[in-house]
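Scroll down for the structure; my scribbles are underneath it.
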């Protein structure tokens, strides 16, 4: 029995559709407002950021240690627009995306001349500069006291501030981000990103405009981080500079590295695992609170150690390891 192209396409999409149906059904199964409305929402927010970082680093080969800055820019821009300016939530989201994308545009210029650890240092410097801005621009950010009273998401008179509504809102946006990013990776820009990752000189020789490509991927990645920042601000209702420091950038990069280059699913799974780690006591009944406290205290060390181990033992990350495991049975069959 032969299967037509349409049937094959439907069969390929069934696992993803089943997975997303299960994800969206979580609030109907778990009766815990903290887990649903905070912990799992934070997972979805990090999935959105890491999706953009996967395009930038995993596909484009551009290292960023400043993505927490775009995350913070989005949070503060959306908070300022809604709290200080009185704009509706959707306008705040648009403001967050626009301002973060502008930040990505500015940071893309050093990437035109810098590569590797030099680019990493430039993005690190950008992140530290923005950390100073978040603290010192008290009229906009509230300084070290943070920004209070950020309203919950709402579309017109429809409030989206309940744990279940916040969960569905964030995860629907995360799913849309992954879907759009997946379409990008399968299209011409995605092939250009892979070529640039493999060899910038080779990509340029093939006629790829690296200037345009680097600017585009930085802008898109920053915009997704800004969108995530807006969601974080309105779900939590409060933002402060401590949420957007170097430790957050390292955490996000660790998720992308562990997930693996050339993959969107790998970084998303890594984002879920690392985000859930500090809340393990809330997820595992009977587990002492001291375990989660110890994990939080050693969090940055865990991320650093994980990056080192992956670089040494599985350079392609989780996705690369799975690809190699899939190839082994085929190789054995061929030799037999």
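Numbering (this note's numbering), first residue to last: 380 to 715. A virtual CB, placed ideally from N, CA and C, is assigned to each residue, including glycine.
Where residue 640 falls: helix, strand or coil (DSSP): coil
I'd like the ranges of any alpha helix (DSSP H) spanning at least 4 consecutive residues and lying wholly in the segment 405-484. As far as the segment 405-484 is concerned, its whole alpha helix (DSSP H) runs of at least 4 residues are 405-408, 419-432, 446-458.
Residues bridged to residue 618 by DSSP? 526
Beta-ladder partner(s) of residue 534, from DSSP: 537
May I ask whether a heavy atom of the ligand SAH can be found less than 7 Å away from the beta carbon of residue 595? The ligand SAH is not part of the structure shown, which contains no ligands of any sort.
Straight-line Cα distance separating residue 577 from residue 715: Only weak support is given to the placement of residue 715: the predicted model assigns it a pLDDT of 48, under 50, and the value that follows is read from those uncertain coordinates. Each residue's alpha carbon lies about 33 Å from the other.
Which class does residue 514 belong to by DSSP, given the choice of helix, strand or coil? The answer is helix: DSSP assigns residue 514 an H, G or I state.
Reference residue 630; option with closest CA among 615, 657, 641: 657
Proximity of residue 429 and residue 652 at Cβ, strictly below 8 Å: It is not a contact, given that the beta carbons lie outside the stated cut-off.
Mind the definition here: the segment 581-597 touches the segment 447-454 only if three or more C-beta pairs lie below 8 Å; say whether that holds. no
So is residue 623 buried or exposed if we call it buried at 16+ other beta carbons inside 10 Å? In the assembly as shown, residue 623 is a buried residue. Its beta-carbon has 16 or more other beta-carbons within 10 Å.
If you count every other CB in all the chains shown that lies within 10 Å of the CB of residue 712, and 16 or more means buried, which is it? With a pLDDT of 49 at residue 712, under the threshold of 50, the predicted position of this residue should be treated as unreliable, though the coordinate-derived value follows. Flag for residue 712 reads exposed.
Check each candidate in 507, 603, 662, 664 and name the one with the smallest Cα separation from residue 557. 603
Can you name, in chain order, every residue of its own chain whose Cβ lies under 6 Å from the Cβ of residue 682, other than the five neighbours on each side? 629, 630, 633
Cβ neighbour criterion (16 or more within 10 Å) applied to residue 684: It is exposed - the Cβ of residue 684 has fewer than 16 other Cβ atoms within 10 Å.
Determine the direct distance from the alpha carbon of residue 605 to that of residue 520, and round the result to whole angstroms. 15 Å
How is the alpha helix (DSSP H) around residue 568 delimited, first residue to last? 567-577
Give the secondary structure of residue 491 by DSSP, where H, G and I count as helix, E and B as strand, and everything else as coil. coil
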